[in-house]
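Student:
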């Protein structure tokens with residue numbers, strides 16, 4: 081009989097859906113409860129929610145989203161395993177209800193505990209907790225796992241359009257990124273830096289009238305995943321800047337490995353991973369360093385190790401020889 085595995089997440093960046101796809105390809109009966117898919121039943125319900133937020137300081141949508149999880153589980157029945165990604169987005173009482181639908185309840189944290197607190201969820205809820213952050217693994221005894229390569233390398237070779245590319249959120253990394261762009265200009269290197277988020281227009285105004293962060297293109301709407309991979313594939317080097325209070329490896333690293341691209345990062349923890357031995361990754365401590373890469377490649381065993389096909393075997397304890 082097939083195993084039944086459910087994945088629960090918001091999946092803002094559409095990475096989590098690949099776990100479900102890989103599980104189904106493996107032969108598991110898997111489905112995804114994407115919390116962000118919850119929609120109001122009608123306009124009146126939306127108006128009521130807005131009224132409650134503005135005048136009562138309560139957001140009924142948060143409860144409705146979590147009720148939606150339970151409704152979906154009731155529809156699909158008990159699961160052999162349930163994986164919740166970034167569980168801090170769900171209240172403890174709902175976790176305890178979700179747990180009743182499965183033999184094994186697992187969490188995966190791909191943010192640090194300091195950024196997304198989960199201390200209130202560490203006892204009596206999960207059978208296993210995986211984390212991508214080595215600091216949190218050491219502190220809390222979480223099981224180690226990284227993010228993953230979620231695609232197979234394109235067969236078509238593409239001529240690079242620029243030497244460097246960065247795609248990330250609008251946050252406190254902007255100054256570092258802009259300064260790094262100044263250094264690349266001095267080295268006659270071409271680059272495209274994109275910062276994406278709701279504050280794009282404000283930053284465009286600051287750029288226009290105050291001359292701030294001129295090396296960055298600000299954009300409100302995200303690129304879709306195919307667009308992102310296409311732009312990465314048209315670049316020689318992917319720039320990765322770590323968030324404050326975080327040491328885990330971002331998806332950019334694994335997108336770079338899957339596309340055989342160089343990586344520039346300020347995340348020193350990458351030096352402790354075997355991927356660093358491929359000589360395609362350079363760690364910088366300031367924005368003024370001279371950037372030179374060799375013609376090295378990531379070996380096949382590294383690509384296989386960090387591919388999602390291996391990730392699901394590890395997290396869900398599946399048999400390699402299914």
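Residue numbers (the numbering used here): 81 to 402.
Backbone N, C-alpha and C define an ideal beta-carbon position, used for all residues, glycine too.
Compute the beta-carbon to beta-carbon distance between residue 361 and residue 350, rounded to the nearest angstrom, for a pair I have assumed lies under 8 angstroms.
Tutor: Taking the first residue of the chain shown as 1, we reach residue 361 at position 281. Taking the first residue of the chain shown as 1, we reach residue 350 at position 270. With 8 angstroms as the limit, residue 361 and residue 350 qualify as a contact, their Cβ atoms being about 6 angstroms apart.
Student: Return helix, strand or coil for residue 387, following the three-state DSSP convention.
Tutor: Taking the first residue of the chain shown as 1, we reach residue 387 at position 307. Three-state DSSP puts residue 387 in a strand.
Student: In the DSSP assignment, what residue or residues form a beta bridge with residue 232?
Tutor: Taking the first residue of the chain shown as 1, we reach residue 232 at position 152. Bridge partners of residue 232: none, in fact.
Student: Looking only at its own chain, which residues have a Cβ that is under 6 angstroms from the Cβ of residue 230, when we skip the five neighbours before and after it?
Tutor: Counting from 1 along the chain shown, the entry for residue 230 is found at position 150. If we look at residue 230 and ignore the five residues flanking it on each side, its Cβ neighbours are 98, 388.
Student: Report yes if the CB atom of residue 265 is closer than 9 angstroms to the CB atom of residue 280, and no otherwise.
Tutor: In the chain shown, residue 265 corresponds to position 185, counting from 1. In the chain shown, residue 280 corresponds to position 200, counting from 1. No; because the gap between Cβ atoms is not below 9 angstroms, this pair is not in contact.
Student: Measuring alpha carbon to alpha carbon, tell me which residue in 145, 374, 183, 191 is nearest residue 165.
Tutor: Residue mapping note: residue 165 aligns to position 85 of the chain shown, counting from 1. Comparing Cα-Cα distances from residue 165 to each of 145, 374, 183, 191, the minimum goes to 191.
Student: Mark residue 197 as exposed unless 16 or more other C-beta atoms lie within 10 angstroms of its C-beta, in which case mark it buried.
Tutor: Translated into positions along the chain shown, residue 197 becomes position 117. Flag for residue 197 reads exposed.
Student: Per DSSP, residue 86 forms a beta bridge with which residues?
Tutor: Counted from its first residue, the chain shown places residue 86 at position 6. DSSP lists 111, 162 as partners of residue 86.
Student: Between which two residues does the beta strand (DSSP E) holding residue 272 run?
Tutor: Taking the first residue of the chain shown as position 1, residue 272 is located at position 192. Residues 271-276.
Student: Per DSSP, what are the beta-bridge partners of residue 224 in this structure?
Tutor: Locating residue 224 in the chain shown gives position 144, counting from the first residue. DSSP output for residue 224 lists 211 as bridge partner(s).
Student: So, is residue 167 buried or exposed, given that buried needs 16 or more other C-beta atoms within 10 angstroms?
Tutor: Within the chain shown, numbered from 1, the residue matching residue 167 stands at position 87. Counting Cβ neighbours within 10 Å, residue 167 comes out buried, since at least 16 surround it.
Student: Buried or exposed: residue 275, going by 16 or more other Cβ atoms within 10 Å of its Cβ?
Tutor: As a first step, residue 275 must be located in the chain shown, where it is residue number 195. Burial call: buried.
Student: Using the beta-carbon count (16 or more within 10 Å), is residue 152 buried or exposed?
Tutor: Locating residue 152 in the chain shown gives position 72, where the first residue counts as 1. By the neighbour-count rule (16 or more Cβ atoms within 10 Å), residue 152 is buried.
Student: Taking 8 angstroms as the threshold, find out whether the stretch 200-214 comes into contact with the stretch 236-243 through three or more Cβ pairs.
Tutor: no
Student: For residue 95 and residue 303, which I take to be in contact (beta-carbon distance under 8 angstroms), what is that distance rounded to the nearest angstrom?
Tutor: Walking along the chain shown from the start, residue 95 turns up at place 15. Walking along the chain shown from the start, residue 303 turns up at place 223. About 14 angstroms separates the two Cβ atoms, so there is no contact after all.
Student: Along the chain, where does the alpha helix (DSSP H) that runs through residue 259 open and close?
Tutor: Counting from one through the chain shown, the residue named residue 259 turns up at place 179. Element bounds for residue 259: 254-266.
Student: I need the straight-line Cα distance from residue 395 to residue 324, nearest angstrom please.
Tutor: Residue numbering aside, residue 395 sits at position 315 when the chain shown is read from its first letter. Residue numbering aside, residue 324 sits at position 244 when the chain shown is read from its first letter. Rounded to the nearest angstrom, the two C-alpha atoms are 27 angstroms apart.
Student: Inspect the beta-carbon positions of residue 169 and residue 289 and report whether they are closer than 9 angstroms.
Tutor: Walking along the chain shown from the start, residue 169 turns up at place 89. Walking along the chain shown from the start, residue 289 turns up at place 209. No.
Student: Looking only at its chain, what residues have a beta carbon closer than 6 angstroms to the beta carbon of residue 319, apart from the 5 residues adjacent to it on each side?
Tutor: Translated into positions along the chain shown, residue 319 becomes position 239. Residues of the same chain with a CB within less than 6 angstroms of the CB of residue 319, apart from the 5 flanking positions on each side, are 244, 246, 344 in chain order.
Student: If you draw a straight line from the C-alpha of residue 310 to the C-alpha of residue 234, how long is it?
Tutor: Indexing the chain shown from 1 puts residue 310 at position 230. Indexing the chain shown from 1 puts residue 234 at position 154. Each residue's alpha carbon lies about 10 angstroms from the other.
Student: In angstroms with no decimal places, state the Cα-to-Cα distance between residue 100 and residue 114.
Tutor: Counted from its first residue, the chain shown places residue 100 at position 20. Counted from its first residue, the chain shown places residue 114 at position 34. Taking the straight line joining both Cα atoms gives about 11 angstroms.
Student: Have a look at residue 257 and residue 223 and give me their C-alpha separation to the nearest angstrom.
Tutor: As a working note, residue 257 is residue 177 in the chain shown. As a working note, residue 223 is residue 143 in the chain shown. Those two C-alpha atoms are separated by around 32 angstroms.
Student: At what residues does the alpha helix (DSSP H) containing residue 243 begin and finish?
Tutor: Position 163 of the chain shown, counted from the start, is the residue given in the question as residue 243. Looking at the DSSP string, residue 243 is not in any alpha helix (DSSP H); the run it does join, the beta strand (DSSP E), is 242-249.
Student: Should residue 249 and residue 277 be called a contact, given that it needs their Cβ atoms to be closer than 9 angstroms?
Tutor: Mapped onto the chain shown, residue 249 falls at position 169. Mapped onto the chain shown, residue 277 falls at position 197. Taking 9 angstroms as the Cβ cut-off, residue 249 and residue 277 qualify as a contacting pair.
Student: Using a 10 Å radius around the Cβ and a threshold of 16 neighbouring Cβ atoms, would you call residue 391 buried or exposed?
Tutor: Taking the first residue of the chain shown as position 1, residue 391 is located at position 311. With 16 or more other Cβ atoms within 10 Å, it is buried.
Student: Could you tell me which of 294, 287, 284, 253 sits nearest to residue 262, measuring between CA atoms?
Tutor: Taking the first residue of the chain shown as position 1, residue 262 is located at position 182. It is 294 whose Cα lies nearest to the Cα of residue 262.
Student: To which residues of the same chain is residue 183 closer than 6 angstroms at the C-beta, ignoring the five residues directly before and after it?
Tutor: As a first step, residue 183 is located in the chain shown; it is residue number 103 there, counting from the start. Answer for residue 183: 160, listed in chain order.
Student: Report the rounded CA-to-CA distance for residue 393 versus residue 108, giving the unit in angstroms.
Tutor: As a working mapping, residue 393 is identified with position 313 in the chain shown. As a working mapping, residue 108 is identified with position 28 in the chain shown. Using only the alpha carbons, I get a separation of about 11 angstroms.
Student: Residues in its own chain within less than 8 angstroms of residue 150 by CB, not counting five upstream and five downstream?
Tutor: Within the chain shown, the letter at position 70 stands for residue 150. Same-chain partners within the cutoff: 174, 177, 178.
Student: Only counting the same chain, and skipping five residues up and downstream in sequence, which positions put a Cβ closer than 8 angstroms to that of residue 287?
Tutor: Walking along the chain shown from the start, residue 287 turns up at place 207. 293, 294, 296, 298, listed in sequence order.
Student: Would you report the Cα separation of residue 105 and residue 271, rounded to the nearest angstrom?
Tutor: Indexing the chain shown from 1 puts residue 105 at position 25. Indexing the chain shown from 1 puts residue 271 at position 191. Spanning the two alpha carbons is a distance of roughly 37 angstroms.
Student: On the DSSP bridge assignment, give the partners of residue 189 in chain order.
Tutor: Here the question's residue 189 lines up with position 109 in the chain shown. DSSP output for residue 189 lists 211 as bridge partner(s).
Student: Going by DSSP in three states, residue 352 sits in which element: helix, strand or coil?
Tutor: Position 272 of the chain shown, counting from 1, holds the residue named residue 352. Here residue 352 sits in helix by DSSP.
Student: If you follow the beta strand (DSSP E) that residue 362 is part of, which residue opens it and which one closes it?
Tutor: Your numbering for residue 362 matches position 282 in the chain shown. Counting along the chain, the beta strand (DSSP E) containing residue 362 begins and ends at 361-363.
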